[in-house]
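Q: According to my numbering, the sequence shown holds residues 24 to 432 in order.
C-beta: ideal position from N, C-alpha, C; glycine also.
In this text, all values refer to a predicted model and were calculated from it rather than measured experimentally.
Here's a structure for you.
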Amino acid sequence: MSPDFFGEIDPPQRLLMGPGPVNAHPRVLRAMSADLLGQFDPEMTGYMEQVMALYRPIFGTENRWTFLVDGTARAGIEAALVSLVAPGDVMLVVDFGRFGLLLKEIGERIGAKVEMLSVPWGETVPMDEIGRVIERVGPKVVACVHGDTSTTMAQPLDGLGALCRAAGALSYVDATATIGGMEIAADRWGVDVVTGGLQKCLGGPSGSSPITVSERAAEHIFARRHVEHGIARADISNGSGVRIGSNYFDLAMVMDYWSEKRLNHHTEATTMLYGARECARVALGEGLEARFARHAAAGRAVTAGARALGLTVFGDDRFRMTNVTGIHVPEGVDGEAVRRRMREDFEIEIGAAFGPLQGRIWRIGAMGYNAMKHKVLLTLGALEAVLRAEGFAAPAGAGVDAALASYRA
C-alpha cells in the first residue's frame with residue numbers, strides 16, 4: 024500500500040464549543056513539537072520538577088505529591104481510585120451525573136462495596152446530606168465530581184474534607200471539567216486527592232492527567248506499595264497493605280518515579296509533559312483569578328444569549344459550571360439536525376447529551392482557549408441562523424446582542 028493512500032492528516036479547522044475537548048492553545052501545540060529527551064536526562068527530570076511546582080497553585084495546594092499520570096483524564100481517575108480503594112472497602116460516591124456513575128463503575132471493578140448518594144440530574148448534593156450519609160455508611164473513601172459536564176452542574180465542596188477526616192475517610196475529587204477554569208481549592212476543601220485533565224479549561228490535548236495527593240493519602244498509598252520484581256531495589260521497601268490492583272495505575276510506584284528515587288516504572292510521555300507544562304504556564308501567566316473571571320464571563324454570555332433567543336437554560340443558576348451551559352432543545356426542533364448544520368455550515372461543534380438528558384439538551388462549552396468573547400458571539404450567531412433554518416422563530420440578532428450586553432455589564 025502506498026504511504027499516500029490515506030493522505031496527510033488535515034482536519035477541518037473547527038471551533039470546538041462543546042463540553043470538551045476544546046481547541047488547544049497554540050503555545051501548547053508548539054511546546055509539544057519540541058525534541059524528545061530520555062526519561063532520566065537531567066533536563067527531563069528538571070522539567071518534571073517544574074511541572075510539579077506549576078500545578079500546585081492550579082490545584083490550590085502545597086502538596087508535595089503534585090504530578091502527572093500518563094493517560095487521559097480517566098487515567099487519573101482510575102489511578103486515584105485503584106490506589107485508594109482496596110477490594111471490600113466501603114466507597115461512598117456523591118453522584119449527580121454521568122461521571123458520578125463512572126466513579127461507581129470503577130469502584131465496582133475494584134471490588135469495593137459502593138454506596139451511592141444520588142440526586143436527579145440538574146441538582147447538586149447539600150453538604151449536610153453528605154455528612155449524614157458518611158455517618159451512616161462509614162466509608163473508607165468518599166469520591167465526588169466537582170463539575171459534571173453531563174449535567175453542567177458544579178458541586179460545592181467546601182467542608183467535604185473536614186467531614187471525611189472526622190469519619191476517618193479519605194476523599195477524592197474528579198476536577199477534570201473545571202481545573203483551570205473554576206477555582207480548585209484542594210487545601211481549603213481539605214480533600215486528599217484531586218485529578219484533572221488538559222482538554223477542557225486548561226486548553227491542551229487529552230492525554231495527560233494532573234493529580235495532587237495529600238500527605239495523608241500518600242501514607243495510605245505507600246502502605247500498599249509492592250514494587251514489581253523486575254525493578255525492585257534495596258532502597259525501596261514494600262508496604263504491608265493490600266497490593267494495588269493495577270501496575271500501570273499504581274500510584275505508589277508512579278510517585279516513586281516522580282520522586283528523587285526515580286524508580287524506572289514506565290517511560291514518561293515526554294510530549295504530553297511538555298504540553299501539560301505549557302498549559303500551566305499559560306494559566307499562571309494569565310493569572311488564575313483573571314482566568315476564572317474570563318470563564319465566568321463567557322458562561323454568563325452564553326446563558327444570556329440563549330435566553331434572548333427564546334431558549335431555556337438547563338439546571339439551577341446557583342450551581343451551574345461557568346464553562347459549560349446546558350440548553351433545552353425546543354419542542355419540534357431536531358437537536359441533531361441543529362448540531363449537524365452548526366458543524367457543516369459554520370464549522371462549529373456543540374455537544375449533545377447522555378443518559379436521561381439524551382436528545383433533550385445541547386451543551387455549549389466556552390473554556391480554555393475558546394472562552395473568548397468573539398468565539399461566544401460567533402457560536403450564538405450561528406446557532407440563531409441554524410435555529411431559524413430549522414423553523415424555530417429566534418429573534419434576529421437577539422442572542423448576540425444579549426451576549427454583548429452581558430460582557431459590557
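Taking 8 Å as the cut-off, decide whether the C-beta atoms of Met295 and Asp93 are in contact.
A: Against the sequence shown, residue 295 aligns to sequence position 272. Against the sequence shown, residue 93 aligns to sequence position 70. Contact flag set, yes.
Q: Grouping DSSP H, G and I as helix and E and B as strand, with all else coil, what is Leu274?
A: The sequence position of residue 274 within the sequence shown is 251, counting from 1. Three-state result, Leu274: helix.
Q: Compare the C-alpha of Ser263 against each of His249, Trp281, Glu131 and Asp210 and name the closest.
A: Here residue 263 corresponds to residue number 240 of the sequence shown, with the count starting at 1. If we check each option's Cα against that of Ser263, His249 comes out closest.
Q: State the start and end residues of the unbroken alpha helix (DSSP H) segment that holds Ala103.
A: Taking the first residue of the sequence shown as 1, we reach residue 103 at position 80. Run containing Ala103: Ala96 to Leu107, per the alpha helix (DSSP H) assignment.
Q: Pick helix, strand or coil for Ala360, following the three-state DSSP scheme.
A: Here residue 360 is taken as the residue at index 337 of the sequence shown, counted from 1. Note: Ala360 maps to helix in three-state DSSP.
Q: May I have a chain-ordered list of the alpha helix (DSSP H) segments no shorter than 4 residues that lie completely inside the stretch 182-240?
A: Listed in chain order, they are 183-189 and 209-212.
Q: What is the rounded straight-line gap between the Cα of Lys127 and the Cα of Val347?
A: Stepping through the sequence shown from its first residue, residue 127 is reached at position 104. Stepping through the sequence shown from its first residue, residue 347 is reached at position 324. In a straight line, the C-alpha of Lys127 is about 23 Å away from that of Val347.
Q: In chain order, what residues of the same chain lie with their CB nearer than 7 Å to the CB of Ile259, ignoring the 5 residues before and after it?
A: Counting from one through the sequence shown, the residue named residue 259 turns up at place 236. For Ile259, where only same-chain residues beyond five positions count, the Cβ hits under 7 Å are Val250, Asp279, Lys284 and Leu286.
Q: Can the beta-carbon of Cys302 be found less than 8 Å from the beta-carbon of Gly204?
A: For the purposes of this step, residue 302 is taken as residue 279 along the sequence shown, with counting starting at 1. For the purposes of this step, residue 204 is taken as residue 181 along the sequence shown, with counting starting at 1. For Cys302 and Gly204, no; Cβs fall outside 8 Å.
Q: Between the beta-carbon of Met365 and the beta-carbon of Ala405, is there less than 8 Å?
A: Position 342 of the sequence shown, counting from 1, holds the residue named residue 365. Position 382 of the sequence shown, counting from 1, holds the residue named residue 405. It is a contact, given that the beta carbons lie within the stated cut-off.
Q: Could you pull out every unbroken beta strand (DSSP E) segment of at least 3 residues lying fully inside the stretch 114-140, listed in chain order?
A: With a minimum length of 3 residues, no continuous beta strand (DSSP E) run stays inside the stretch 114-140.
Q: Spatial neighbours of Val108 within its chain, please: C-beta separation below 8 Å, excluding the five flanking residues on both sides.
A: One-based indexing of the sequence shown puts residue 108 at position 85. The residues are Met114, Gly130, Ile133, Ala135, Lys163 and Val164.
Q: State yes or no: is the C-beta of Asp210 within less than 8 Å of the C-beta of Glu312?
A: For the purposes of this step, residue 210 is taken as the residue at position 187 of the sequence shown. For the purposes of this step, residue 312 is taken as the residue at position 289 of the sequence shown. No, Cβ-Cβ distance for Asp210 and Glu312 is not below 8 Å.
Q: Contact between the stretch 214-231 and the stretch 190-206 is defined here as three or more beta-carbon pairs at a separation below 8 Å; is this criterion met?
A: Touching, per the Cβ criterion.
Q: Which residue from Arg363, Trp385, Ala240 and His169 puts its Cα closest to that of Gly123?
A: The sequence position of residue 123 within the sequence shown is 100, counting from 1. Out of Arg363, Trp385, Ala240 and His169, His169 has the C-alpha closest to the C-alpha of Gly123.
Q: Check whether the Cβ atoms of Ile202 and Ile371 lie closer than 8 Å to each other.
A: The residue given as residue 202 occupies position 179 in the sequence shown. The residue given as residue 371 occupies position 348 in the sequence shown. Result no, Cβ atoms of Ile202 and Ile371 do not sit closer than 8 Å.
Q: Taking its Cβ as the centre, do 16 or more other Cβ atoms sit within 10 Å of Ser232, making it buried, or is it exposed?
A: As a first step, residue 232 must be located in the sequence shown, where it is residue number 209. Buried, by the Cβ-count rule.
Q: Would Glu206 pass as a contact of Gly338 if the rule is Cβ separation under 8 Å?
A: If you number the sequence shown from 1, residue 206 lands on position 183. If you number the sequence shown from 1, residue 338 lands on position 315. Not a contact, by the Cβ cut-off of 8 Å.
Q: Between Pro44 and Ala257, what straight-line distance do the alpha-carbon atoms span, to the nearest angstrom?
A: By one-based count along the sequence shown, residue 44 stands at place 21. By one-based count along the sequence shown, residue 257 stands at place 234. Taking the straight line joining both Cα atoms gives about 43 Å.
Q: Look at the alpha carbon of Val356 and the alpha carbon of Glu413, and state the distance between them as a whole number of angstroms.
A: Here residue 356 is taken as the residue at index 333 of the sequence shown, counted from 1. Here residue 413 is taken as the residue at index 390 of the sequence shown, counted from 1. Spanning the two alpha carbons is a distance of roughly 7 Å.
Q: Skipping 5 residues on each side, what residues in its chain have a beta carbon closer than 6 Å to that of Gly42?
A: On the sequence shown, residue 42 is found 19 positions in, with the first residue counted as 1. The question names Gly, but residue 42 in the sequence shown is Pro. Once the five neighbours on either side are set aside, the close Cβ partners of Pro42 are Thr172, Val347, Gly374, Arg386 and Gly388.
Q: What residues are listed by DSSP as bridge partners for Ala324?
A: Translated into positions along the sequence shown, residue 324 becomes position 301. Ala324 is not bridged to any residue.
Q: May I ask you to report which of helix, strand or coil DSSP gives Asp33?
A: Locating residue 33 in the sequence shown gives position 10, counting from the first residue. Looking at Asp33 - three-state DSSP - the assignment turns out to be coil, as it is neither helix nor strand.
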